[in-house]
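Q: Okay, handing you the structure first.
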Amino acid sequence: MEAIRVKNLSVAYEDNIIIENMNLSIPRGEISIIIGANGCGKSTLLKTIARVIKPKSGDIFINDKNIKQQKERHIAKQVAFLPQGPICPSGITVKELVAFGRFPHQKMIGGLKSHDKEIIEWAIEETGLKDFADRPLEELSGGQRQRAWIAMTLAQDTDIIMLDEPTTYLDMSYQLEVLEVLEGLNRQKNITVVIVLHELNNACRFANNIIGLKEGNVICMGVPKEVITKESLKEIYGIDVKLQLSENGKYPICVDYELLRKL
């Protein structure tokens, strides 16, 4: 079954078309990772699904319902979206940040209920931040900070979470730390995870479903072992790559590459 379906979607910034007539299905309960060169429409796609950007034309369905027919608060109870490079006020603690995730579930009058507090504690526990709950966010390491933002999206209590480049500016160990948290949430809670990533080998390693974009068009989509090939990467990035399978034989690894130069 699909969690998200995009039908004949076109998105533009003024006269600059970023996505044109895209059709795409994101499976439920899997990790889908979107790859592609800068400016290909990866972030624009997530923002449009999250209703941060209004499409030029086309339709988006979440859990088989058109988002045009749903209120923003109702969508926020189904999909949590973490943008790239989020910023929070200075001095805020992990627990205070995570509490923001409960906003779509709160009524106009009244603060956090006992159920809200239970979910906040659960989100902090799930991301391994119990010992840091009362620590200011700026005192944490890069990987811990990113886990705190993920905890906030978890506290939103949705079946789908979307993250735009959650490992940007993190070193290799922190990248793995963040991606392993997301992988664990997917496996244990059956949460549908949609991620934009630049790092190809991490994308192939963690994705059940990988989506390659170029200039707003879907170039490949499916299991990394099947769709990440020399030909698809040539089209997506304009590079000539050398690929080999991982030691367990489950996913491809790019071991070398060079830019294809036009004569």
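For the sequence shown, the residue numbers in our numbering are 651 to 913.
Quick reminder that beta carbons are idealized off the backbone N, C-alpha and C, glycines included.
1) So, using beta-carbon positions, are threonine 817 and valine 828 closer together than 7 Å?
2) Can you tell me whether aspartate 807 is helix, strand or coil according to DSSP?
3) Between which two residues does the alpha helix (DSSP H) carrying alanine 749 extend?
4) On the DSSP bridge list, what partners appear for phenylalanine 731?
5) Going by alpha carbons, who is nearest to lysine 692 out of Gln734, Asp714, Ile712 and Gln728?
6) With H, G and I counted as helix, E and B as strand and the rest as coil, what does DSSP make of methionine 651?
7) Going by Cα to Cα distance, which pick from Arg678, His755 and Val744 is closest to alanine 726?
8) Under 7 Å between the Cβ atoms of isoleucine 770 and valine 748?
9) With which residues is methionine 871 paired in a DSSP beta bridge?
10) Which residue's Cα is closest to the Cα of valine 661: Ala653, Asp781 and Asn673?
11) Note the first and the last residue of the continuous beta strand (DSSP E) segment covering valine 892.
12) For the alpha helix (DSSP H) containing asparagine 852, list its first residue and its last residue.
13) How about alanine 730 and isoleucine 811: are their beta carbons less than 7 Å apart?
14) I'd like the list of long-range same chain contacts for isoleucine 668, defined as Cβ closer than 7 Å, with 5 residues on each side in sequence excluded.
15) When DSSP labels each residue in this structure, what does aspartate 766 get in the three-state scheme?
16) Could you pull out every residue in the same chain whose Cβ sits closer than 7 Å to the Cβ of leucine 883, ignoring the five residues on either side in sequence?
17) For glutamate 876, which of Lys900, Ile886, Ser791 and Ala798 has the nearest alpha-carbon?
18) Contact check, alanine 853 vs isoleucine 685 under 8 Å by CB: the rounded distance?
19) Assuming valine 905 is part of the beta strand (DSSP E), what are its boundary residues?
20) Under the rule that 16 or more other beta-carbon atoms within 10 Å means buried, what is phenylalanine 918, buried or exposed?
21) Considering only their Cβ atoms, is the gap separating leucine 820 from glycine 862 smaller than 7 Å?
22) Could you give the DSSP three-state label for serine 660: helix, strand or coil?
23) Give the straight-line distance between the Cα atoms of leucine 895 and glutamine 720, rounded to the nearest whole angstrom.
24) Here's the rule I'm using: 16 or more other beta-carbon atoms within 10 Å means buried, otherwise exposed. How should aspartate 814 be labelled?
25) Can you tell me whether asparagine 836 is helix, strand or coil according to DSSP?
A: A quick look at the data gives this:
1) Result yes, Cβ atoms of threonine 817 and valine 828 sit closer than 7 Å.
2) Looking at aspartate 807 - three-state DSSP - the assignment turns out to be coil, as it is neither helix nor strand.
3) Here the alpha helix (DSSP H) through alanine 749 covers 744 to 749.
4) Per DSSP, Met812.
5) For the residues Gln734, Asp714, Ile712 and Gln728, the minimum Cα distance to lysine 692 belongs to Gln734.
6) Coil.
7) The shortest C-alpha separation from alanine 726 is found at His755.
8) Between isoleucine 770 and valine 748, the CB-CB gap stays under 7 Å.
9) Beta-bridge pairing links methionine 871 to Ile861.
10) Of the candidates Ala653, Asp781 and Asn673, the one whose C-alpha sits nearest the C-alpha of valine 661 is Asn673.
11) Position check: residue 892 holds lysine in this sequence, whereas valine was assumed. Where lysine 892 is concerned, the enclosing beta strand (DSSP E) stretches over 889 to 895.
12) Where asparagine 852 is concerned, the enclosing alpha helix (DSSP H) starts and stops at 850 to 856.
13) It is a contact, given that the beta carbons lie within the stated cut-off.
14) Around isoleucine 668: Val661, Ala662, Gly691, Thr694 and Gly866.
15) Here aspartate 766 sits in helix by DSSP.
16) For leucine 883, where only same-chain residues beyond five positions count, the Cβ hits under 7 Å are Ile889 and Val891.
17) Comparing alpha-carbon positions, the option among Lys900, Ile886, Ser791 and Ala798 lying closest to glutamate 876 turns out to be Lys900.
18) Taking the Cβ atoms as the reference, alanine 853 lies roughly 5 Å from isoleucine 685, within the contact range of under 8 Å.
19) Element bounds for valine 905: 902 to 909.
20) Outside the shown range of the chain, which is 651 to 913, sits residue 918, and nothing can be said about it.
21) Taking 7 Å as the Cβ cut-off, glycine 862 and leucine 820 do not qualify as a contacting pair.
22) Looking at serine 660 - three-state DSSP - the assignment turns out to be strand.
23) Note on geometry: alpha-carbon atoms of leucine 895 and glutamine 720 lie some 44 Å from one another.
24) Buried.
25) The answer is helix: DSSP assigns asparagine 836 an H, G or I state.
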